[in-house]
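Written out as structure tokens, the structure is:
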């Protein structure tokens with residue numbers, strides 16, 4: 001808080017007997033002090049005190065000098081002696097400020113209240129009272145005190161600046177900005193006001209303006225620890241870790257006892273994955289200020305990374321305990337998010353709801369609330385939460401992407417609805433759209449630099465469905481760059497890295513740094529493999545980083561960015577007439593958009609379980625979020641027509657009773673008893689594959705059908721009954737079955753879906769014959785031919801490049817079979 005001690009006393013000192021020499025010496029001392037000749041002032045004060053040790057004004061003057069020299073302990077001794085001799089309001093007010101600097105806010109409060117008892121209309125004392133209340137965590141009371149000071153002295157710039165800081169603390173950003181600008185209007189050289197305005201602009205994501213005001217504050221006050229710290233926080237938010245740490249260390253040089261600066265340095269280390277060091281910094285911060293809430297929140301995050309769950313929860317709970325009711329959002333947010341990560345979405349949702357009650361405009365909490373709801377199967381509610389997050393924080397890409405992903409699961413949204421939502425994302429994130437690249441070599445047949453961006457170069461569906469093609473690129477004609485946002489590496493990651501010409505890890509790069517990195521590599525065609533899924537960086541494609549930008553495989557719909565030129569699909573996934581549902585020009589590969597590779601090629605097949613059980617077992621191992629009310633109603637019809645049949649549902653989130661019980665209840669409401677439904681949780685890949693031996697017939701959900709799950713069912717010889725619609729997500733199983741020659745499993749209506757499933761269930765011998773036939777058809781299908789697939793892909797990339805080289809805009813085209 002802006003604080004300085006007042007030397008001026010506008011009340012005549014009538015307790016002293018007149019002494020011309022002392023009086024004149026004191027007047028000279030005051031003048032020297034006011035004019036900044038501090039050594040001269042100190043010499044005169046000492047001369048007065050040598051002959052008059054009880055001179056209260058000289059004692060007070062010495063205290064003010066000591067405080068300005070950053071010696072608050074000495075200041076307290078001098079001013080404490082002065083108030084004993086003469087209880088003057090200025091003395092008590094300054095004694096309060098000194099005691100505040102000594103981190104004794106309760107003593108400071110008593111001194112300032114005494115000043116106000118002696119002079120009720122004392123704006124400086126009300127401002128000092130606000131400073132003390134801030135230190136005591138009484139932010140709303142501080143606002144009232146600053147406002148009282150301003151009522152008494154409307155042009156007091158420091159009071160406006162301190163009011164602005166307090167308003168930031170209680171979340172009134174509009175009011176804070178207005179107060180700050182008024183403070184600067186009154187005093188353009190008030191460093192505190194520039195610092196606070198910089199902080200407000202940082203919160204509002206006006207990064208460049210915020211940086212300017214922090215630098216202005218540091219120009220005005222070169223040893224301004226708080227401004228250095230705030231600049232470090234800004235740079236941390238931009239992932240400029242080295243510069244952030246430099247500024248945090250400058251803050252600590254200026255004020256080694258600044259708890260906030262230690263916490264900021266810890267946060268930088270946390271973001272650099274230096275968790276043990278981060279913990280040390282947070283603990284140092286808390287030793288200096290045991291009530292510093294951000295340090296507790298970040299300490300909890302660091303401890304989570306070190307798997308010290310119990311201590312992490314204690315840290316989050318301590319942050320919540322210390323916060324005022326309206327300021328507990330961060331603690332609840334971190335705790336709720338971690339509970340979700342620990343597969344406790346119900347408990348996590350409750351904490352996130354509390355975060356939102358504390359801070360209704362908390363966009364990130366709305367996003368994670370949506371995620372928790374989705375994990376619990378409440379997809380429609382999740383969509384609403386994501387929509388609210390977009391309203392509150394349109395700059396957070398996760399809100400847009402999560403909503404677009406959630407919409408894929410619901411019947412209520414049409415292709416037109418999905419396109420509109422995707423274009424809203426595109427409007428929010430499109431930046432530089434110029435695709436001319438005037439200096440680029442446009443030779444149509446030269447070696448091209450191809451860049452792939454993904455968070456899934458690993459044992460993930462995207463990794464599985466691209467590995468067989470991408471690891472077979474013709475490196476004489478294509479120079480391959482991978483931009484990996486993978487958090488964890490595995491053997492699949494190793495395979496991608498081994499076949500790359502260049503590997504770039506972008507997990508710790510800011511969006512701006514990702515853009516610079518890719519632009520520096522002069523990529524010709526840049527391909528996103530994530531879309532609106534987890535670990536995506538698709539929003540950076542809003543900046544034109546390459547002449548041709550493409551999306552392939554990671555998402556089941558349009559991306560929405562006008563800066564993505566093409567989307568790679570196939571004639572089955574995107575039949576004739578579907579182009580109008582895509583922002584991008586569709587390039588159709590002849591044999592599908594997935595390149596299938598068997599993960600466990602030697603896993604043996606077994607006969608269908610109905611031959612030994614005496615009843616048919618249906619199964620669905622898809623994400624249970626895909627199993628909505630319409631799906632349950634249809635499957636119940638099948639089970640009613642197949643007496644004694646069973647259904648196995650396997651999904652990670654079925655571990656939660658809040659997910660499992662409503663599913664069982666829905667089947668019971670449809671006339672299927674609970675003992676006919678078996679739920680299974682997540683398992684290892686090989687165990688999951690072998691669990692297909694417990695299923696006779698796989699049922700594909702809708703409108704979001706399987707892809708990876710479908711391929712695993714087919715590999716284990718299971719027929720998959722599917723009902724494709726007009727949405728890409730509903731046509732994934734069809735895209736496997738048609739090239740395999742098994743369209744007999746493809747229904748054209750709900751009644752047909754039931755009929756096909758029931759007919760198969762009544763023919764156990766056919767089910768037995770189908771097991772090896774289906775696997776053979778899968779492995780012999782053209783989409784399982786990696787060399788063939790990559791030649792089609794490379795031809796598509798070459799044709800995209802030729803259009804650019806010839807100055808032609810992106811346009812749809814098909815690659816012939």
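Residue numbers (full-length UniProt numbering): 1 to 817.
No residue lacks a Cβ here, since even glycine has one placed at the ideal position from N, Cα and C.
Bounds of any alpha helix (DSSP H) do not take in residue 238, whose DSSP letter is neither H nor E. Distance from the CA of residue 467 to the CA of residue 648, rounded to the nearest whole angstrom, comes to 30 Å. For residue 393, same chain residues with a beta-carbon under 6 Å away, outside a window of 5 residues either side, are 363 in chain order. Here residue 309 is exposed, its C-beta having fewer than 16 other C-beta atoms within 10 Å. Nearest in C-alpha terms to residue 592, of all of 535, 635, 728, is 728. For residue 429 against residue 402, the beta-carbon gap comes to about 14 Å, at or over 8 Å, which does not count as contact. Contact check for residue 63 and residue 41: beta-carbon distance about 12 Å, past the 8 Å limit, so the pair fails to qualify.
About 11 Å separates the CB atoms of residue 97 and residue 135; that is not less than 8 Å, and the two are not in contact. From the listed residues 213, 206, 151, 149, the smallest Cα separation to residue 180 is found for 213.
In the same chain as residue 515, and ignoring 5 residues on each side of it, the C-beta atoms closer than 7 Å to its own belong to 540, 543, 545, in chain order. For residue 454, the beta-bridge partners assigned by DSSP are 484. Residue 409 is a Cβ neighbour of residue 379, given a cutoff of 9 Å. Per DSSP, residue 566 lies in no alpha helix (DSSP H) segment; the continuous beta strand (DSSP E) that holds it begins and ends at 566-569. Rounded to the nearest whole angstrom, the C-alpha separation of residue 574 and residue 566 is 13 Å. In the structure shown, the three-state DSSP call for residue 337 is helix.
Residue 336 sits close to residue 351, with the two beta carbons spaced by under 9 Å.
With fewer than 16 other Cβ atoms inside 10 Å of its own Cβ, residue 802 counts as exposed. Residue state for residue 585 is assigned as strand, using DSSP reduced to three classes. Pairing residue 211 with residue 233, the inter-Cα distance amounts to about 11 Å.
A Cβ-Cβ separation of about 25 Å leaves residue 714 out of contact with residue 663 under the 8 Å criterion. In this structure residue 588 is in contact with residue 815, their Cβ atoms being roughly 7 Å apart against a cut-off of 8 Å. From the listed residues 68, 286, 583, 608, the smallest Cα separation to residue 812 is found for 583.
Sequence-distant Cβ neighbours of residue 682 in its own chain, meaning closer than 6 Å and more than five residues away, are 652. With contact defined as three or more Cβ pairs closer than 8 Å, the stretch 234-247 and the stretch 262-282 are in contact.
Between residue 785 and residue 599, the alpha-carbon positions lie close to 14 Å from each other.
Secondary-structure assignment with DSSP links residue 526 through a beta bridge to 451, 549. Shortest Cα-Cα distance from residue 703 to any of 209, 769, 679, 627 involves 627. Rounded to whole angstroms, the gap between the alpha carbons of residue 226 and residue 195 is 8 Å. Approximately 7 Å separates the beta-carbon atoms of residue 680 and residue 654; this is inside 8 Å, confirming the contact.
Cβ contact annotation for residue 183 (same chain, cutoff 7 Å, sequence separation greater than five): 157, 160, 161, 164, 190, 193, in chain order. Taking a 10 Å sphere around the C-beta of residue 558, we find 16 or more other C-beta atoms and assign the residue as buried. The three-state reading of DSSP puts residue 572 in coil, since its state is none of H, G, I, E or B.
By the Cβ criterion, the stretch 741-749 is not in contact with the stretch 703-712, since fewer than three pairs of Cβ atoms, one from each stretch, lie closer than 8 Å. Less than 9 Å separates the beta-carbon of residue 526 from that of residue 453. A direct Cα-to-Cα measurement between residue 289 and residue 248 gives close to 17 Å. Under DSSP, residue 505 shares a beta bridge with 484.
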